[in-house]
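Below is one structure, written out as C-alpha cells; comments come after it.
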C-alpha cells in the first residue's frame, strides 16, 4: 500500500509484507527523500493491512490512485543491441530501487527505437511518479549511483494528460543524436 499527503511538505508511507521475515514492513518519509524502514513485528496473517494504515489515514494520508502519476523518461542514445540490453537492465534496476526508496513511484517500462521527427535511434526508460521534478532528480541520482554515464542521458517529465515534456537534465556529451525528443 502506498499512501501520501497532499499538503507540503508531502510525506509518504509504504506498507508491505517482507519476503524474508514474513512481517509487515513500513517505510515512511518525505516524498523525494529516502524513507526510514522499520519492521513492525506483526504477522500479515493476524494483523490486517487496514490496521497498519489507519494511523496514517487519520493523519491525512491518502492511498495513491493510478491516474495521479506523472511521467518521467530517461533517454539515451542507442549503441549496440547488447549494450542497450545491459543499459536497460542495469538502469531499470537502479531507477526502480531509487524511486521506491524515495516513495515516488515505479518503473513503467522501456523502448528502443527511432524518434519520430529525426529517425535517430534512442533508448527510453519510463517511470510513473507522484512528482515529475522530484522523479527526474531521483532518476539522475540513480544513474549517478549506478554504472550508467549520466552525461549520456536526457531526463524529462510531464503530467499524465499533457503532451509537452519538460527537460530537467539535458545530455552533455557531444556524440549524441541531438536534443531531447520523444
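Numbering (the working numbering), first residue to last: 1163 to 1344.
Beta carbons are placed, not taken as given, at the ideal position from N, Cα and C, and that holds for glycine.
Mark residue 1197 as exposed unless 16 or more other C-beta atoms lie within 10 angstroms of its C-beta, in which case mark it buried. Counting from 1 along the chain shown, the entry for residue 1197 is found at position 35. The Cβ neighbour count for residue 1197, taken over all protein chains shown within 10 Å, is at least 16; the residue is labelled buried.
In the DSSP assignment, the alpha helix (DSSP H) including residue 1213 goes from what residue to what residue? On the chain shown, position 51 is the one that residue 1213 refers to. Unbroken alpha helix (DSSP H) run through residue 1213: 1211 to 1220.
Segments of 3+ residues assigned as beta strand (DSSP E) that fall wholly inside the segment 1268 to 1343: 1283 to 1291, 1316 to 1320, 1328 to 1331
Going by CA-CA distance only, name the one from 1167, 1320, 1219 that's closest to residue 1295. Within the chain shown, residue 1295 is the residue found at index 133, counting from 1. Of 1167, 1320, 1219, the residue nearest in Cα terms is 1320.
Would residue 1267 be called buried (16 or more neighbouring beta carbons within 10 Å of its own) or exposed? Taking the chain shown and counting its residues from 1, the one referred to as residue 1267 is at position 105. Buried is the call here.
Between residue 1274 and residue 1311, which are expected to be in contact by the criterion C-beta below 8 Å, what is the C-beta distance as a whole number of angstroms? If you number the chain shown from 1, residue 1274 lands on position 112. If you number the chain shown from 1, residue 1311 lands on position 149. About 17 Å; that fails the 8 Å criterion.
Residue 1165 - partner residues in DSSP beta bridges: Reading the chain shown from its first residue, position 3 is the one you call residue 1165. Answer by DSSP bridge pairing, in chain order: 1175, 1225.
8 Å contact criterion, which residue 1191 and residue 1218 should meet: CB distance rounded: For this step, residue 1191 is matched to residue 29 along the chain shown. For this step, residue 1218 is matched to residue 56 along the chain shown. That belief does not hold up - the Cβ atoms of residue 1191 and residue 1218 are roughly 12 Å apart, past 8 Å.
CB-CB under 8 Å to residue 1183, same chain, minus the five flanking residues each way: which ones, in chain order? As a working note, residue 1183 is residue 21 in the chain shown. Cβ neighbours of residue 1183 beyond the five flanking positions: 1201.
Under the DSSP definition of a beta bridge, which residues are partnered with residue 1232? For the purposes of this step, residue 1232 is taken as residue 70 along the chain shown, with counting starting at 1. Beta-bridge pairing links residue 1232 to 1291.
Candidates 1234, 1164, 1326, 1239: which alpha carbon is nearest residue 1282's? Within the chain shown, the letter at position 120 stands for residue 1282. In this structure, 1239 is the residue among 1234, 1164, 1326, 1239 with its C-alpha nearest to the C-alpha of residue 1282.
Element boundaries [beta strand (DSSP E), containing residue 1189]: Here the question's residue 1189 lines up with position 27 in the chain shown. Run containing residue 1189: 1186 to 1192, per the beta strand (DSSP E) assignment.
C-alpha gap between residue 1228 and residue 1280, whole angstroms: In the chain shown, counting from the first residue as 1, residue 1228 sits at position 66. In the chain shown, counting from the first residue as 1, residue 1280 sits at position 118. For residue 1228 and residue 1280, the distance between alpha carbons rounds to 33 Å.
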